[in-house]
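Read left to right, the sequence shown gives residues 1 to 90 (full-length UniProt numbering).
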Amino acid sequence: MTVSFEDKSKADQYWQENINLVIRLLIIWAVVSFGFGILLVDVLNEVTFMGFKLGFWFAQQGAIYVFLFLIFYYRAKANKLDEKYGVQED
């Protein structure tokens, strides 16, 4: 499928917003998976969550849940962005 924009500035705005969204979501992903699961694991392990140490839970399951949420969130925001710029799929 080929997407065409009315002018180059509109295409640039679309991609700038899309890249900003991706960067924000990658930062969240990195903080949750690397930060909570590795760097802050000792601090988080002082708290229990569902019977597990919180640092362990983030490293094993929490990061996966957050990643899945980010996928669905990106899908919803990307669809709204496509509609905003008139490039949505049929």
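For every residue, glycine included, the Cβ atom is placed at its ideal position computed from N, Cα and C. Predicted model, so just to flag it, every value in this text is computed and none were measured.
- When DSSP reads this structure, phenylalanine 58 sits in no beta bridge, so it has no partner.
- Closest in C-alpha terms to glycine 35, from the list Leu68, Gln88, Ala59, comes Ala59.
- Leucine 26 counts as exposed, since fewer than 16 other C-beta atoms from the protein chains shown sit within 10 angstroms of its C-beta.
- Between valine 32 and alanine 76 the beta-carbon gap is near 19 Å, outside 8 Å, which marks them as no contact.
- By the criterion of a C-beta distance shorter than 6 Å, tryptophan 15 is surrounded by no residue of its chain, once the five residues flanking it on both sides are discounted.
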